[in-house]
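Residue numbers (my numbering): 13 to 232.
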């Protein structure tokens, strides 16, 4: 009976540490790596021009937009550092997932069916995503994976969570450009919105708050 209870607890801990990390890696690596490509593609549709000079200009605008959002990426983790022990890991992760979903939703809504777009809405969505991802899941998943497991299996548990999450990162790196071309930017953004909403749900369902807890007492 005790063994069954311990196994059930470890499965819950593993789900809490691995699934949100996997889901956030889908978006972080996908959006993070291909932000210049997405922005350049959307800007290119808006310009309706395929001249080489315009293509280079669009790519430069995409790169500049990506650089600006990377600044917000760093700002997000700085804010998280100040709030993590006051607010708690779980709340920040849930808020972060929801904020990312809203950001990507806004970005998806900015792209109209006729191929035009609302540029300010696109950048607002991406800006919100980049801030909230490091404010929440991108920082908290690392932290929680190293804290939720009992001491005797903490290294193995955190290692498994990291390995499982990187499957999402690898899949994204290979599949993102294929999906971007086959189903389009908007559909891909909707898929990521669903992934981040699922991340918030899983975080809440398997929530284990470690703020203010002696890590040596976890699992006892």
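Every residue gets a Cβ at the ideal spot worked out from N, C-alpha and C, and that includes glycine. Predicted model only: the values in this text are computed from it and were never measured.
Measure the Cβ-Cβ separation of residue 160 and residue 220 and say whether it is below 7 Å. Yes. Within cutoff.
Under the rule that 16 or more other beta-carbon atoms within 10 Å means buried, what is residue 122, buried or exposed? buried
Return helix, strand or coil for residue 220, following the three-state DSSP convention. Of the three classes helix, strand and coil, the one that applies to residue 220 here is coil, per DSSP.
Mind the definition here: the region 164 to 177 touches the region 26 to 35 only if three or more C-beta pairs lie below 8 Å; say whether that holds. yes
Report, in whole angstroms, the separation of the C-beta atoms of residue 96 and residue 104, which I expect to be a contact under 8 Å. Indeed, because the Cβ distance is near 6 Å, the residues count as touching under 8 Å.
Which of helix, strand or coil does DSSP assign to residue 129? strand
Tell me whether the beta-carbon of residue 156 lies closer than 7 Å to the beta-carbon of residue 29. Their beta carbons are under 7 Å apart, which means residue 156 touches residue 29 by this criterion.
Exposed unless 16 or more other CB atoms sit within 10 angstroms - verdict on residue 37: Under the 10 Å beta carbon count, residue 37 is surrounded by 16 or more other beta carbons and is classified as buried.
Sufficient close CB pairs (3 or more, under 8 Å) joining the region 176 to 195 to the region 39 to 46: Result yes; three or more Cβ-Cβ pairs closer than 8 Å.
What three-state label does DSSP hand residue 123 in the structure shown? strand
Does the pairing of the region 127 to 136 with the region 145 to 152 give three or more beta-carbon distances under 8 Å? no
Nearest CA to the CA of residue 137: which residue from 150, 119, 203? 119
With H, G and I counted as helix, E and B as strand and the rest as coil, what does DSSP make of residue 86? Residue 86: helix per DSSP, three-state reduction.
Taking just the CA atoms, how far does residue 102 sit from residue 223? 9 Å
Are the beta-carbon atoms of residue 108 and residue 141 separated by less than 7 Å? Contact: no.
Would you kindly work out how many angstroms separate the C-alpha atoms of residue 149 and residue 186, rounded to a whole number? 22 Å
Please confirm whether residue 191 and residue 201 have their CB atoms less than 7 Å apart. no
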